[in-house]
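Here's the structure we're looking at; comments come further down.
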Ligand code: HEC
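In our numbering, the protein residues as written are 1 to 117.
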């Protein structure tokens, strides 16, 4: 009696821990394909803002020389573009060099970040 009581209490506890762990994952799982994390991108955009403007400061546009505005594009568009530069399907030298240094996760994070601006 005592034993089965404490066991079910234990199960209740680990169940709660599981629910907590799952809900912590939920925001990530909510994104369909790649789990792009806009917050994680905040440490990465420093390599983009020099050319693509300071995120959030949209009055920085138009820029001195023609660089496409990437904020507000869909995440999928940005992701496809970066993957294409990385693969060499798009040939702009500076973007190829930048994209070559990005992981899939970096690309997903950056896409989430810029699509949200
Ligand atoms: C040295 C300047 C420079 C830096 C740094 C740079 N970009 Fe670019 N980016 C460009 C230029 C120039 C283009 C247009 C290239 C072309 O015509 O293909 C471009 C194009 C793009 C495009 C395609 C836009 C479109 O409309 O098709 C994306 C997406 C992009 N950049 C994202 C990024 C991200 C994310 C970073 C940071 C990781 C970054 N860029 C860093 C100069 C830069």
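Don't be surprised by glycine CBs; every beta carbon is placed ideally from N, CA and C.
Keep in mind that this is a model prediction, so the values were computed, not measured.
Quick one, are the C-beta atoms of residue 38 and residue 112 less than 9 Å apart?
For the purposes of this step, residue 38 is taken as residue 38 along the chain shown, with counting starting at 1. For the purposes of this step, residue 112 is taken as residue 112 along the chain shown, with counting starting at 1. Yes. Within cutoff.
With distance defined between alpha-carbon atoms, name the residue in 51, 105 and 40 nearest to residue 79.
Position 79 of the chain shown, counting from 1, holds the residue named residue 79. It is 105 whose Cα lies nearest to the Cα of residue 79.
Pull every residue with its beta-carbon under 5 Å away from any heavy atom of ligand 1, and keep them in chain order.
47, 48, 51, 67, 68, 70, 78, 81, 92, 94, 95, 98 and 110
In its own chain, which residues sit with a C-beta less than 7 Å from the C-beta of residue 70, not counting the 5 before and 5 after it?
Counted from its first residue, the chain shown places residue 70 at position 70. If we look at residue 70 and ignore the five residues flanking it on each side, its Cβ neighbours are 52, 78 and 114.
Quick one: grab the DSSP three-state call for residue 110.
Reading the chain shown from its first residue, position 110 is the one you call residue 110. Helix, per DSSP.
How long is the line joining the alpha carbons of residue 43 and residue 49, rounded to whole angstroms?
Stepping through the chain shown from its first residue, residue 43 is reached at position 43. Stepping through the chain shown from its first residue, residue 49 is reached at position 49. Cα to Cα, residue 43 sits roughly 11 Å from residue 49.
Could you compute how far the alpha carbon of residue 40 sits from the alpha carbon of residue 109?
Your numbering for residue 40 matches position 40 in the chain shown. Your numbering for residue 109 matches position 109 in the chain shown. Their Cα atoms are separated by approximately 6 Å.
Can you give, in chain order, each stretch of the alpha helix (DSSP H) that sits fully within the region 62–93 and has at least 4 residues?
75–87
Using a Cβ-Cβ cut-off of 7 Å (strictly less than) and excluding sequence neighbours within five positions of residue 116, which residues of its own chain qualify?
Position 116 of the chain shown holds residue 116. Excluding sequence neighbours, residue 116 sits near 38.
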